[in-house]
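Engineer:
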Amino acid sequence: MGGVRLWDVRSVKMVVISQLLMVSTVKFWDANHFGLVKSYNMPCTVESASLEPKYGNKFIAGGEDMWVHVFDFHTGDEIACNKGHHGPVHCLRFSPGGESYASGSEDGTIRIWQTGPLTLDDSEAIIANGSTAKAKVTPEEVSRKVEDLQIADEGKTKEKGEAGNN
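First residue of the sequence shown? That's 126 in the working numbering, and the numbers climb one at a time after it.
Written out as structure tokens, the structure reads:
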């Protein structure tokens, strides 16, 4: 069981605590006023979600169904669905500029996806259900399931976290 804790850094008090157990809802909170901004029911059990940082017009969510779902932030409509993992998706992160996102899975892979329309140069695009995303690199194999990852500035280092290694 996981959870989300929202802290007010000025008062050093916990404002919101949310326990998560087999969650199929994604919630977005206003970090300044601590209010709920949006809440969406998902088509599957969700383990991770990430809001596109540049424009805030879409978000990604993944979990038990092994797919990475892309949603319109304003309507909650699913706009793409990408398949590439062979195990539950445990972590998702957009790059700082929103041009790509990474997904990490229990199958031991990290996939990096480009957002936006594909061009003629994208000859090796992986497209699922009309998606406009593609894998930018082949999966990087790791020895254990991927539980967390972070993305540095676009085009720089990506980090990976493995179960059992801190």
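Yeah, the Cβ is synthetic: ideal placement off N, Cα and C, and Gly gets one too.
Could you give the DSSP three-state label for Gly222: helix, strand or coil?
Structural biologist: coil
Engineer: Can you tell which of Val148, Asn157, Lys152, Met191 has the C-alpha that lies nearest to the C-alpha of Ser136?
Structural biologist: Asn157
Engineer: Can you list, in chain order, the residues of its chain whose CB lies under 6 angstroms from that of Glu203, leaving out five sequence neighbours each side?
Structural biologist: His194, Phe196
Engineer: Name the residue from Phe219, Lys208, Ile235 whose alpha carbon lies nearest to the alpha carbon of Gly181.
Structural biologist: Phe219
Engineer: Tell me the residue span of the beta strand (DSSP E) that contains His210.
Structural biologist: Note, His210: premise wrong, no beta strand (DSSP E); not H, not E.
Engineer: Taking DSSP as the reference, what is the three-state secondary structure of Met191?
Structural biologist: In this structure, Met191 counts as coil in the three-state DSSP scheme.
Engineer: If we count the other Cβ atoms within 10 Å of its Cβ and call it buried at 16 or more, is Met167 buried or exposed?
Structural biologist: Taking a 10 Å sphere around the C-beta of Met167, we find 16 or more other C-beta atoms and assign the residue as buried.
Engineer: Compute the Euclidean distance between the alpha carbons of Glu265 and Glu177, then round it to the nearest angstrom.
Structural biologist: Note that Glu265 scores 48 on pLDDT, short of 50, meaning its location in the model is unreliable; the coordinates nonetheless yield the value given after this. Per the coordinates, the alpha-carbon of Glu265 lies some 23 angstroms from the alpha-carbon of Glu177.
Engineer: How should Ser164 be labelled, buried or exposed, when 16 other C-beta atoms within 10 angstroms of its C-beta is the threshold for buried?
Structural biologist: exposed
Engineer: Measure from the alpha carbon of Thr240 to the alpha carbon of each residue in Glu231, Asn207, Val162, Gly212, then state which is nearest.
Structural biologist: Taking only the C-alpha atoms, the option nearest Thr240 is Asn207.
Engineer: Would you identify the three-state DSSP class for Arg135, choosing helix, strand or coil?
Structural biologist: Under the three-state reduction of DSSP output, Arg135 falls in the coil class, being neither helix nor strand.
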